[in-house]
Structure formats: structure tokens, C-alpha cells
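Notes follow the structure.
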Amino acid sequence: MSDEYFVLEALPESIIAALEVRDRWFNSLPRPTDGGPEFVAADLQSWRRGQSIRVAFLGGDTALHRDIEEATKQISDACNLQFDFGFDESSGEYRRWSESDTEYAAEIRVSFDRNGYWSLVGTDSIDRNIVDPLMGIGGAPNTRSLNLGGFDIQRPASWQGTARHEFMHAVAFHHEHQNFRGPCQNEFRWEDDEGYVPTQNADGVFVADSAGRRPGIYTFLAGPPNRWSRSKVDHNLKTTNDPDTVMGSFDDASVMLYRFPTLFYKSNPSDCAPSGEGQDLSGLDKRGLVLLYGENPVTIPAEPERIAAADDEDSVGHLIRMQSLLDTIAPSETAGLESLEVPSEHQLQATRLIKEYLFPER
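Dropping the structure here:
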């Protein structure tokens with residue numbers, strides 16, 4: 005990877021703005037005693053254990069669809085969660101979605117026609133409040149929730165790792181460089197070297213000046229091809245988790261850890277740099293999937309028996325938090341009464357997700 009041309013994965017500003025509105029609502033809720041608001045948000049972004057998540061494609065041929073299905077088996081093989089790509093043996097085709105859909109053809113809607121590689125996180129892919137209608141990106145049935153730009157024309161050498169990375173986002177995993185237990189925030193060179201004279205190459209990319217002084221991350225990403233504002237850099241690179249947020253230890257072998265240009269790091273080699281090629285899920289990636297979704301299929305009885313039947317302590321805690329959150333955001337729902345207040349769209353979406361999680365058969 006050339007330090008002089010590096011494209012970072014990022015959602016459009018309009019989608020980020022919608023996510024920030026939703027997150028502000030989450031943060032306004034009474035703080036749970038067993039985890040911060042960010043952990044609640046992570047809970048709401050996860051799918052049900054044992055769920056079969058439908059995947060559909062916009063564009064691309066059968067060979068590409070099949071290869072993506074094969075690449076993502078590392079994820080579904082590691083936990084109690086399945087991807088349903090909708091392969092039709094009679095036609096030899098995989099499930100497709102269209103921009104005219106009014107109902108969900110799939111929870112994960114893959115495209116190849118937008119720039120870059122990105123994905124909404126977990127159940128954000130079915131949140132109609134998170135939508136950019138002009139770009140056709142978001143959580144509505146007729147919008148893209150995961151993009152592998154240009155895969156239908158020419159795949160990069162590391163395409164399998166990229167596909168796994170984005171599908172890990174789709175099952176509610178975040179970037180490893182934003183893990184507060186890791187070294188990345190303190191290891192990143194946010195600002196220019198002292199005395200740096202802004203210098204650009206023929207493509208407009210900020211590079212070292214004639215004295216060898218380097219641009220910092222803010223300056224480098226402000227130029228092409230990314231053209232990011234400081235706030236967008238902070239949103240995508242800086243750690244935002246509270247110290248009491250539940251998160252695993254930093255994993256330098258994770259498929260969710262970027263290999264950034266060397267100018268991003270204060271030291272070389274850097275403790276923030278990946279130890280592997282980022283093609284395959286690490287042992288800790290798989291452990292995280294097991295903690296979130298379980299290892300083996302389980303019978304899911306109705307609440308409250310379901311809490312007693314949960315297969316481990318993590319599952320019990322997750323279910324209790326979800327029930328507690330439902331009591332917090334929609335007390336009338338749990339009491340069987342009609343609310344006198346007009347709920348917000350985010351409250352309605354969160355209530356729907358929690359009820360589908362707790363009462364999947366209803």
C-alpha cells in the first residue's frame with residue numbers, strides 16, 4: 005500500500021449525521037448499572053443468536069456472489085449465526101435486491117457501484133431512520149447497507165479480507181483501532197511535524213516537504229482522495245468508548261484492524277500496526293463472535309424462561325440489559341398500556357428491535 009494514496013472506509017456525512025442523532029438519543033437514556041450507553045447501543049446493533057440473516061446483491065455475477073458467500077463462511081462457521089444468500093438451485097442465481105424495493109429482500113444489501121468499502125453496523129441496516137436517499141445508502145429496503153466498490157470489475161488482491169471485514173461490521177463489530185484498550189489513539193500522529201510546509205504531489209496528496217517533515221493525519225486525510233474534515237477524522241479514527249464499556253483486549257491480528265500508512269504512526273514498527281495480513285479472522289475475532297452469538301444452536305423459549313435457559317453468563321447479561329432497556333424506553337409496552345406520549349422514530353425502532361430479540365416467535 006502506498007503512503008501517497010490511501011483510501012479509508014467511511015460512510016457518507018449524511019449517514020454519520022443520522023447516526024449521531026440516534027446516538028445522542030441513546031446517550032440521553034438513564035445510564036444502566038451494568039454498562040454504559042455505548043454498550044446498550046452495541047446490544048441494539050446485534051442480531052439474535054441463531055438468526056439467519058438474509059443477504060442480497062445489487063449487480064455482480066454469480067461467480068462473485070459465490071466467492072463472497074464462501075469468504076464469509078469464516079464468520080458463520082465461528083458462531084451461532086447464519087448468512088442466507090438465497091441461492092436458487094433451479095436458476096443458479098443468488099438473491100438480488102433492487103432500488104425499487106418497498107419491502108426488505110434482505111437484511112444485508114450488498115452493492116458494488118459506490119466508491120470504497122463500507123458497511124452499516126449490525127441492525128442499522130434495517131433502520132429506516134438512517135438513510136441518504138440521494139446516494140441510495142442506508143437502512144431502508146431500497147438502499148445499500150454494505151458496499152464493495154469495484155468488486156464486480158476487478159477485485160483487489162486482499163478482497164477476501166475486505167469482504168470479511170465489512171461483513172463483520174454487518175454483524176455489529178467495530179474497528180479495532182478504536183478499541184480503548186489498544187495503543188492506537190496515543191500512537192497516531194494527529195498533527196503535522198513541527199514546521200511542516202504543506203506540500204502536495206501531482207495527484208494533490210499531501211506528502212513530506214523538502215526538509216522531510218511529514219503531514220499529520222488531519223492534513224493527510226484533508227487532501228485527496230479522502231477529503232475529510234477534522235470532525236470526520238475524529239469520528240472514524242478516535243476512541244470514543246468510556247472506560248467501563250465492555251470490550252475485549254486489543255487484538256493486533258484482528259481482521260478489523262487497519263494497516264495504515266507508516267506516516268500515521270509515531271513509531272515504526274508501531275504497536276498499533278497489524279501483526280498479520282488481515283485476511284482471516286483471528287482467534288480473538290472468533291471468540292468475540294462466540295461471546296455475542298454463542299457457539300452452538302440453542303432453543304429459544306419465550307421470556308422470562310428464556311433468561312433462565314440462556315447458555316452462558318454473557319447471554320444472560322445481554323438479555324437482562326435488553327429487557328431493562330425495553331422497560332426504560334417503552335414502559336407502556338411492557339405494561340400492556342397505550343402510551344400517552346408520542347414516541348420518537350428512534351424509540352419506535354429500538355422498541356421494535358428489542359421486542360423482536362426477546363420475543364422472536366410473536
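For reference, each letter of the sequence shown is one residue, going 5 to 366 in the numbering used here. A virtual CB, placed ideally from N, CA and C, is assigned to each residue, including glycine.
Query raised in the report: Hey, quick one: how far does the alpha helix (DSSP H) through Ile79 stretch, first residue to last?
Result: As a working mapping, residue 79 is identified with position 75 in the sequence shown. Note, Ile79: alpha helix (DSSP H), 77-81.
**Report entry** Nearest to Tyr297 (by Cα), restricted to the options Ser95, Met139, Gln49, Asn230
**Finding:** In the sequence shown, the residue the question calls residue 297 occupies position 293. Of Ser95, Met139, Gln49, Asn230, the residue nearest in Cα terms is Gln49.
Query raised in the report: By the 10 Å Cβ neighbour count, where 16 or more other Cβ atoms means buried, how is Asp136 classified, buried or exposed?
Result: As a first step, residue 136 must be located in the sequence shown, where it is residue number 132. That one is buried.
Query - His158, buried or exposed, once every other Cβ within 10 Å from all chains shown has been counted against 16 - result: For this step, residue 158 is matched to residue 154 along the sequence shown. Strictly speaking, residue 158 in this sequence is Gln, with His absent from that position. Exposed: under 16 other Cβ atoms inside 10 Å.
Requested in this report: Spatial neighbours of Val259 within its chain, please: CB distance less than 8 Å, with the 5 preceding and 5 following residues excluded, ordered by chain position.
Outcome: As a working note, residue 259 is residue 255 in the sequence shown. For Val259, where only same-chain residues beyond five positions count, the Cβ hits under 8 Å are Gly165, Arg168, His169, Met172, Gly282, Gln283, Asp284, Leu285, Ser286, Asp289.
Query raised in the report: Can the beta-carbon of His179 be found less than 9 Å from the beta-carbon of Asn240?
Result: If you number the sequence shown from 1, residue 179 lands on position 175. If you number the sequence shown from 1, residue 240 lands on position 236. Contact flag set, yes.
Query raised in the report: Thinking C-alpha only, which one of Glu17, Lys77, Ser274, Asp71 is nearest Ser181?
Result: For the purposes of this step, residue 181 is taken as residue 177 along the sequence shown, with counting starting at 1. Note that residue 181 is His in the sequence shown here, rather than Ser. Nearest option by C-alpha distance: Ser274.
Query raised in the report: Looking at the unbroken alpha helix (DSSP H) that takes in Asp289, where does it start and where does it end?
Result: Position 285 of the sequence shown holds residue 289. From DSSP, the alpha helix (DSSP H) with Asp289 extends over 287-297.
Query - Option nearest Arg132 by Cα separation, candidates Val125, Gly126, Gly142 - result: Stepping through the sequence shown from its first residue, residue 132 is reached at position 128. Minimum Cα distance to Arg132 is reached at Gly142.
Query raised in the report: Which residue spans inside the segment 101-137 form an unbroken beta strand (DSSP E) run of at least 3?
Result: Runs found: 112-115, 121-123.
Query - Distance between Lys242 and Leu85 (C-alpha atoms, nearest Å) - result: Residue numbering aside, residue 85 sits at position 81 when the sequence shown is read from its first letter. Residue numbering aside, residue 242 sits at position 238 when the sequence shown is read from its first letter. Straight-line measurement puts the Cα of Lys242 at about 30 Å from the Cα of Leu85.
Query raised in the report: For the beta strand (DSSP E) that Asn151 lies in, which residues bound it at each end?
Result: Residue numbering aside, residue 151 sits at position 147 when the sequence shown is read from its first letter. 150-152 is the span of the beta strand (DSSP E), which, as asked, contains Asn151.
Query raised in the report: When we look at the beta-carbon of Phe43 and count the other beta-carbons within 10 Å, is it buried (16 or more) or exposed?
Result: To locate residue 43, count along the sequence shown from 1; it is residue 39. Bear in mind that the predicted position of Phe43 carries a pLDDT of just 43, short of 50, making it too unreliable to give a figure here.
Report task. Could you check the C-alpha separation between Gly96 and Leu124 for me, to the nearest Å? Result -> Locating residue 96 in the sequence shown gives position 92, counting from the first residue. Locating residue 124 in the sequence shown gives position 120, counting from the first residue. Looking at the backbone, the Cα of Gly96 and that of Leu124 are separated by about 28 Å.
Query raised in the report: Is the Cβ of Phe171 closer than 9 Å to any Cβ of chain B?
Result: Of the protein chains in the structure, only one exists, and it is not chain B.
Query raised in the report: DSSP puts Ala60 in a beta bridge; with which residues?
Result: One-based indexing of the sequence shown puts residue 60 at position 56. According to DSSP, Ala60 bridges with Arg113.
Query raised in the report: Applying the criterion that 16 or more other CB atoms from any shown protein chain within 10 Å of the CB defines a buried residue, is Pro292 buried or exposed?
Result: Reading the sequence shown from its first residue, position 288 is the one you call residue 292. First, the amino acid is wrong: residue 292 is Gly here, not Pro. Buried, because 16 or more other Cβ atoms sit within 10 Å of the Cβ of Gly292.
Requested in this report: In the DSSP assignment, find the unbroken beta strand (DSSP E) run with Asp88 in it and report its ends.
Outcome: Position 84 of the sequence shown, counted from the first residue, corresponds to residue 88. Counting along the chain, the beta strand (DSSP E) containing Asp88 begins and ends at 86-88.
**Report entry** Separation of Phe177 from Arg148, as counted between CA atoms
**Finding:** Translated into positions along the sequence shown, residue 148 becomes position 144. Translated into positions along the sequence shown, residue 177 becomes position 173. Their backbone Cα atoms lie some 18 Å apart in a straight line.
Query raised in the report: Helix or strand or just coil, what does DSSP make of Val211?
Result: Indexing the sequence shown from 1 puts residue 211 at position 207. Looking at Val211 - three-state DSSP - the assignment turns out to be strand.
Query raised in the report: Is the beta carbon of Tyr262 less than 9 Å from the beta carbon of Leu12?
Result: The residue you call residue 262 lines up with position 258 of the sequence shown. The residue you call residue 12 lines up with position 8 of the sequence shown. Yes, the Cβ-Cβ distance between Tyr262 and Leu12 is below 9 Å.
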